[in-house]
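Data first, discussion second: the structure below is written as structure tokens.
Residue numbers (our numbering), protein chains in the order written: chain C, 123 to 205; chain S, 1182 to 1412.
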């Protein structure tokens, strides 16, 4: 079976995010808008072959830890999309 | 005689400068090696030049570590031979786990392209073995992701072990905030591995090896690399 899996990669909370901060300032430039913080990340949608949703998640987690995220800077989360 | 490999990935764009700089400064032979090569037999040292390997897709240097040439490059590093990275080559060596830390986007969010001054911090690396600590050098940077980042404990260990080999400094040799072009922690511009045979820096010695380029301080790094291969 093929499963769709969504991987979110974001900077670890302790890592300053210059892009997110620039976006926050751009938001604040519009007087009608404001955000206390902005953190930018990346999204990856994968299709993986697996026998079950939990196996699909495990496969995607291995891909995320080995390829998609750099553990020095980033965390990731993995969600199997069931529709 | 030492023979130098200059690695070329799709998107690498400084290989010609590095090749010419090695030959012109050291008088030793160098050859370009395509990233699909599975062997670095016959080479005494390897340089990973700057550019945009694999288009910087995913992360700068993030896909290069899956290229076939990385296996012999890691073997070369494990054998104690010199492996050196410049700019994007630094990012590639970090992503491959050969050097500590990672590069964030510059704090300014700008691509920084200008001369910087570097202070040599330790001569225990292939890039600095011919230089006295405290020496300052001028050469250009050209990068958008050179903001060196490592966790506090890693950073402390790097400093304690003298693995920081270059720091950005001002004309007086002070590692000041104003002299830091990208927000790097502790003004770090270059590091080495624990063993002392793998090293890299963000600035470009390959853009400062003859007067016509505006400076010759980069020669000192290639001379060091040559000296390291003979030791």
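Note that CB positions come from ideal geometry on N, CA and C, so glycine has one too. Bear in mind the structure is a predicted one, so any value in this text is a computation, not a measurement.
Checklist entry - What's the gap between the Cα of residue 177/C and the Cα of residue 1288/S? => result If you take the alpha carbons of residue 177/C and residue 1288/S, they lie about 40 Å apart.
Next on the checklist: Residues in the same chain with beta-carbon distance under 8 Å from residue 1360/S, minus the five sequence neighbours each way, listed in chain order, please.
Outcome noted: Same-chain partners within the cutoff: 1297, 1298, 1349, 1350, 1351, 1368.
Checklist entry - Does the beta carbon of residue 1332/S fall short of 8 Å from some heavy atom of the ligand ADP? => result Ligands displayed in this structure: none; no statement on the ligand ADP is therefore possible.
Checklist entry - Can you tell which of 1405/S, 1356/S, 1370/S, 1397/S has its C-alpha closest to the C-alpha of residue 1378/S? => result Taking only the C-alpha atoms, the option nearest residue 1378/S is 1405/S.
Checklist entry - Quick one: is residue 1240/S near chain C, going by C-beta distance under 9 Å? => result Yes - at least one Cβ of chain C is within 9 Å of the one on residue 1240/S.
Checklist entry - Where do the ends of the beta strand (DSSP E) carrying residue 1391/S lie? => result In the DSSP annotation of this structure, residue 1391/S is not part of any beta strand (DSSP E), being labelled neither H nor E.
Item to check | CB contact check: residue 140/C to chain S, cutoff 9 Å | outcome: Answer yes: the Cβ-Cβ gap between residue 140/C and chain S drops below 9 Å somewhere.
Checklist entry - Which two residues bound the contiguous alpha helix (DSSP H) that contains residue 1257/S? => result Taken as a continuous stretch (DSSP letters only), the alpha helix (DSSP H) holding residue 1257/S covers 1251-1259.
Item to check | Residue range of the unbroken beta strand (DSSP E) whose run includes residue 141/C | outcome: No beta strand (DSSP E) holds residue 141/C; the alpha helix (DSSP H) holding it covers 140-150.
Checklist entry - How close, in whole Å, do the beta carbons of residue 1235/S and residue 1323/S come, if the pair is a contact with beta carbons under 8 Å? => result Not quite, the Cβ-Cβ distance comes to about 18 Å (not below 8 Å), so this is no contact.
Checklist entry - Using the beta-carbon of each residue, which ones in chain S are nearer than 7 Å to residue 182/C? => result One finds nothing in chain S with a Cβ atom closer than 7 Å to the Cβ of residue 182/C; even the nearest lies about 15 Å away.
Checklist entry - Once you ignore the five residues that flank residue 1347/S on each side, which residues in its own chain have a CB closer than 6 Å to its CB? => result Only residues of its own chain outside the window of five on either side were considered, and among them 1299, 1370, 1371, 1382 have a CB closer than 6 Å to the CB of residue 1347/S, listed in chain order.
Next on the checklist: Could you check whether the region 148-162 of chain C touches the region 1183-1192 of chain S, counting it as contact only if at least three pairs of C-beta atoms, one from each stretch, sit closer than 8 Å?
Outcome noted: The answer is no - the region 1183-1192 of chain S does not touch the region 148-162 of chain C, with fewer than three Cβ pairs under 8 Å.
Item to check | Cα-Cα separation between residue 1357/S and residue 198/C, rounded to whole angstroms | outcome: Straight-line measurement puts the Cα of residue 198/C at about 34 Å from the Cα of residue 1357/S.
Checklist entry - Residues of chain C with CB under 9 Å from residue 1286/S, in chain order? => result Under the 9 Å cutoff, chain C gives 139, 140, 141.
Next on the checklist: Please state whether the Cβ-Cβ distance between residue 171/C and residue 200/C is less than 9 Å.
Outcome noted: Residue 200/C is positioned such that its CB atom lies no closer than 9 Å to that of residue 171/C.
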